[in-house]
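Report on the structure given below.
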Amino acid sequence: MTKLQSGRRQKLILASSAVCFASALALSGCTISAPEAVPTSSGDLAVKSDLLANHGLEGLGAAEVIERLDTMPVSNRPAGLQASVQPDAVVLSDTQQREARLPLPEDGMYVSIAPYKSQTHDCYFHSLTTCVGELGNTDVQVRLTSGSGEVLVDEVRKTYDNGFLGLWVPRDMDATLRISHAGQIGTASISTKNEDDPTCITNLRLA
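Under mature numbering (1 follows the signal peptide of the UniProt record, and there is no 0), the residues of the sequence shown are numbered -26 to -1, 1 to 181, in order.
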């Protein structure tokens, strides 16, 4: 990653953090996103292990951490832990200033979507521990179509307790997401082509 690219991503993270924090003050949303961490070196393995163990995530990879935290009831979220889903990794940090970076699979990117009817918040990189959407535990019809017209997902999904649903999307593509519920429909665009593409979609309004 070049210095320009790194600086651009850091600005995006900080901007997302500020907007989400403001939204949280209003009602709910992503309070903060963890800052980008440098790749974990062998000297940091003990810190990484302690962080994961202290928050009940010991032995889990990125996909497993995402599954555990995103589907967790909001009331059970671990206090003091920040977990930011970025295009290439999950970045974790806690109140003891410990950080860990867990690489995502090379063939897929995790995107979280919070469909809404009347209230939403701005978000860029999804926070697994602080983001809250409007429609928790709600059955919705999900259809994801690639730019070439291939249907990647077409099924009923239930949003998690936090109001989001998560999709693993193949890398290097543009796709259109269509979500419907109770006769209301919303669409949003998803991209996995760039290293700073958003992982948090909160602009899909059901109407």
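For each residue, glycine too, the CB sits at the ideal point set by N, CA and C.
| query | Span of the beta strand (DSSP E) holding L163? | reply | As a position in the sequence shown, residue 163 is number 189, starting the count at 1. According to the sequence provided, residue 163 is Ser. The question's Leu does not apply to it. Where S163 is concerned, the enclosing beta strand (DSSP E) stretches over Q158 to S165.
| said: Quick check: T103 and P172, are their CB atoms within less than 8 Å of each other? | reply: Position 129 of the sequence shown, counting from 1, holds the residue named residue 103. Position 198 of the sequence shown, counting from 1, holds the residue named residue 172. No.
| field | Cα-Cα separation between I175 and C97, rounded to whole angstroms | value | The sequence position of residue 175 within the sequence shown is 201, counting from 1. The sequence position of residue 97 within the sequence shown is 123, counting from 1. About 7 Å.
| task | Between the Cα of F138 and those of L178, A156, S165 and I159, spot the shortest distance and give me the residue it belongs to. | result | For the purposes of this step, residue 138 is identified with residue 164 of the sequence shown, where counting begins at 1. Comparing Cα positions, the closest option is L178.
| Among residues of its own chain, excluding the 5 on either side of L151, which ones have a beta-carbon nearer than 6 Å to its beta-carbon? | Here residue 151 refers to the residue found at position 177 when the sequence shown is read from its first residue. If we look at L151 and ignore the five residues flanking it on each side, its Cβ neighbours are L118, A162 and I164.
| query | If you follow the alpha helix (DSSP H) that S23 is part of, which residue opens it and which one closes it? | reply | Here residue 23 refers to the residue found at position 49 when the sequence shown is read from its first residue. Note, S23: alpha helix (DSSP H), L19 to N28.
| task | With DSSP collapsed to three states, give me the class of V48. | result | For the purposes of this step, residue 48 is identified with residue 74 of the sequence shown, where counting begins at 1. V48 falls in the helix class under three-state DSSP.
| query | Between L180 and L109, what straight-line distance do the alpha-carbon atoms span, to the nearest angstrom? | reply | Translated into the one-based positions of the sequence shown, residue 180 becomes position 206. Translated into the one-based positions of the sequence shown, residue 109 becomes position 135. Each residue's alpha carbon lies about 11 Å from the other.
| field | L19 beta carbon less than 8 Å from that of L26 | value | Numbered from 1 along the sequence shown, position 52 holds the residue referred to as residue 26. Numbered from 1 along the sequence shown, position 45 holds the residue referred to as residue 19. The answer is no: Cβ separation not under 8 Å.
| Contacting residues, own chain, Cβ-Cβ under 8 Å from M147 (five flanking each side not counted) | Translated into the one-based positions of the sequence shown, residue 147 becomes position 173. S120, G121, S165, T166 and K167, listed in sequence order.
| query | Do V21 and R75 have their C-beta atoms within less than 8 Å of each other? | reply | Within the sequence shown, residue 21 is the residue found at index 47, counting from 1. Within the sequence shown, residue 75 is the residue found at index 101, counting from 1. Contact flag unset, no.
| Taking Cβ to Cβ, would you say V48 is nearer than 8 Å to N136? | Translated into positions along the sequence shown, residue 48 becomes position 74. Translated into positions along the sequence shown, residue 136 becomes position 162. Taking 8 Å as the Cβ cut-off, V48 and N136 qualify as a contacting pair.
| What does T119 pair with, by DSSP beta-bridge criteria? | Residue 119 sits at position 145 when you count from the first residue of the sequence shown. For T119, which the question treats as bridged, DSSP gives the partners V125 and T150.
| field | Endpoints, beta strand (DSSP E) assigned at G35 | value | Here residue 35 is taken as the residue at index 61 of the sequence shown, counted from 1. Unbroken run through G35: none, as it is neither H nor E.
| said: Suppose contacts are defined by Cβ-Cβ distances below 8 Å. Is residue 184 in contact with H155 by that definition? | reply: The requested residue 184 is not part of the displayed model; the chain covers only -26 to 181.
| One or two residues paired with G54 in a DSSP bridge | The residue labelled residue 54 in the question sits at position 80 within the sequence shown. For G54, which the question treats as bridged, DSSP gives no partner whatsoever.
| Beta-carbon spacing of V127, M83 below 8 Å | Walking along the sequence shown from the start, residue 127 turns up at place 153. Walking along the sequence shown from the start, residue 83 turns up at place 109. No. Outside cutoff.
| request: Just mark S86 as buried or exposed, buried being the case when its beta carbon has 16 or more other beta carbons within 10 Å. | output: By 1-based counting over the sequence shown, the position of residue 86 is 112. Answer is buried; the Cβ neighbour count reaches 16.
| Distance, Cα to Cα, K91 vs G107? | In the sequence shown, residue 91 corresponds to position 117, counting from 1. In the sequence shown, residue 107 corresponds to position 133, counting from 1. Cα to Cα, the separation comes out at about 10 Å.
| Buried or exposed: which applies to L56, given that a residue is buried once 16 or more other Cβ atoms fall within 10 Å of its Cβ? | If you number the sequence shown from 1, residue 56 lands on position 82. Rather than Leu, the amino acid found at residue 56 in this sequence is Gln. With 16 or more other Cβ atoms within 10 Å, it is buried.
| field | Straight-line Cα distance separating I159 from S101 | value | One-based indexing of the sequence shown puts residue 101 at position 127. One-based indexing of the sequence shown puts residue 159 at position 185. Looking at the two C-alpha atoms, the distance is approximately 25 Å.
| query | Are the beta-carbon atoms of V65 and I40 separated by less than 8 Å? | reply | Here residue 65 is taken as the residue at index 91 of the sequence shown, counted from 1. Here residue 40 is taken as the residue at index 66 of the sequence shown, counted from 1. No.
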